[in-house]
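To start, the structure under review is shown below, and the notes come after it.
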Amino acid sequence: MLIRRHRPWELPESAATPEAVYLSRRHLLGAGAGLLAAAGVGLPATAAPTPGNPDLDPTKDLYPAKRNEAFTLDRPVTPAEISGNYNNFYEFGSDRRNYQVADIAERMPRRPWTVKIDGLVETPREVGIDDIIRAMSLEERLYRHRCVEAWSMAVPWTGFPVRAFVDYAKPLSGAKYIRMETFVNPAVAPAQNRFIYPWPYVEGITMAEGMNDLAFFVTGVYGKPAPNQYGAPLRLALPWKYGFKSVKSIVRISFVAERPVGLWEQVQGREYGFWANVNPEVPHPRWSQASERDIGTGERRPTLLYNGYGEQVAGLYAGMDKTEKLFM
Ligand code: MTE
C-alpha cells in the first residue's frame, strides 16, 4: 500500500535516498543506533544498544503460552520463515520481498520500552512493557490475517485480549475510542526519514470493537516472543479487519472521545477508512478484494466477509451500513 501520490509536504520519489546509499547507511545505523538513541534521538531515548534478538527478551520465560482452542483455522499455519520475511512495516522500508524489513527491524532495541496510557483514564501513566505483559495472562490463538493488498496468512499469535488491557487501563465512561500509536525514531527506523508520511503510525478502534473477544494484543508468535518485524514488543491483531488496522510496536494507547484518524486515512482517506472490515464485494478503488493469495501455500482463495469472523463481529455493526463506510 505504498502510496505514490504526493502532497505538497511529501518528497517526490526521485528526491528520496537512493537504495544503495540507504543500504550502506543501514549498516552504519546498525552500529550507531544505540549511540543515537542514547543521545536522545527519538525512542527509546535511554536505550542501551541492545539487539532486537527475541531470544534475549526479558519475558521469554512466559512462552510458549497455552493455546486457546476456541480460535481455530480453516487453512494451514503459514511457516514462520514465510510470514517473518513478508512484512509490512513501513517505518523500516517497503522492500519486504528482499528480506529488508525483517533485517532492518532486527536492529531496533527491544528494551527499554514503555507504553503511555493516557486520555480518558482514571490515572494516566507510562508503564514498562514487561510490567504490562506480566500483569496479563498470555494465551496462544490461531488467527487469519488479511492484508488490504489481497494477500493473507495464518499465524499462531501469543498475547492477551484487548479487553483485559482495558480493565488494566481503567478508562472513564466518556471514552468512545482506543487510539494507538507506534514509536517515532528515525535513528532505528530509517524509512521514517525516507517516506514523508505523517508519522507516527496511528490507528484506532471503537471501545465496543476493543471489548470484542477477537480483539487481541500480540506479544509473541510461533510460541516465542515476537521478532521485531511482526511489531514487537506489542502489536494489535484484529483478524476481521484489513491488516493496516493492526498497528505495530505500540508506545501509546489513549482512550478518547473523538474518532482517531489513522496514518493511511490521513494520507489517502478515499482508499483507507476507519472501519476497514474485510468484504470480498467491496473492491479497493485500485484492485478487487474478491480473492486473496495465501503467502504460505501460494493458493488463491476466495475472500471471506469479515475474513470469516462474521459470527463473532457482525453484530458490532448492526444498522450502521446506512451511515458508515464499514468496508473501506
Ligand atoms: N504498523 C506500523 N507501525 N507500520 C506499518 O507499516 N503495516 C500494517 C500493519 N501494521 C504497518 C503496521 C499492514 S499494512 C499490515 S498488512 C500488517 O501490519 C502486517 O503485519 P505483518 O508484517 O505481521 O504481516
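Start counting the sequence shown at 1; every next residue gets the next number (the UniProt record's numbering). From the three backbone atoms N, C-alpha and C, an ideal C-beta is built for every residue, glycine too.
Ligand 1 has no heavy atom closer than 7 angstroms to the beta-carbon of N53. Excluding its 5 nearest sequence neighbours in each direction, Y230 has C-beta neighbours in its own chain below 6 angstroms: V221, listed in chain order.
Bounds of the alpha helix (DSSP H) holding G210 are M207 to M211. The three-state reading of DSSP puts W199 in coil, since its state is none of H, G, I, E or B.
The alpha-carbon of V218 is positioned some 23 angstroms away from that of G273.
Going by C-alpha positions, D131 is about 11 angstroms away from Y168. One Cα belongs to E149, the other to P283, and the distance between them is close to 11 angstroms. Listed in chain order, the alpha helix (DSSP H) elements of length 4 or more contained wholly in the region 55-96 are 80-83. For L236, the enclosing beta strand (DSSP E) covers residues R235 to A237. By the Cβ-count criterion, P124 is exposed, with fewer than 16 other Cβ atoms from all chains shown falling within 10 Å of its own Cβ.
Cβ atoms of G119 and V251 stay farther apart than 8 angstroms, at about 14 angstroms. The beta carbon of R270 sits closer than 7 angstroms to the beta carbons of P285 from its chain, once the five residues preceding and following it are set aside; these are given in chain order. Between ligand 1 and Q229, a heavy atom-to-CB distance of less than 7 angstroms is present. Under the three-state reduction of DSSP, A314 is assigned to helix. Nearest in C-alpha terms to K248, of all of K66, T59 and V115, is V115.
Shown here, I250 sits in a strand according to DSSP, grouped into three states. Contact check for A226 against P79 fails: the beta carbons are separated by 8 angstroms or more. In its chain, beyond the 5 residues on either side, Y177, R179 and P260 have a beta carbon closer than 6 angstroms to the beta carbon of G204.
The beta carbons of Y63 and G223 sit closer together than 8 angstroms. Counting only the Cα atoms, W199 lies some 10 angstroms from N185.
The three-state reading of DSSP puts W275 in coil, since its state is none of H, G, I, E or B.
Between ligand 1 and the CB of T114, the shortest heavy atom gap is not smaller than 7 angstroms.
The Cβ-Cβ distance between A215 and L238 falls below 8 angstroms. With a 10 Å radius around the Cβ and a threshold of 16 neighbouring Cβ atoms, T72 comes out exposed. The Cβ-Cβ distance between E209 and L316 falls below 8 angstroms.
In the same chain as F244, and ignoring 5 residues on each side of it, the C-beta atoms closer than 6 angstroms to its own belong to V148 and W264, in chain order. Cβ atoms of Q289 and N279 come within 8 angstroms of each other, at about 7 angstroms.
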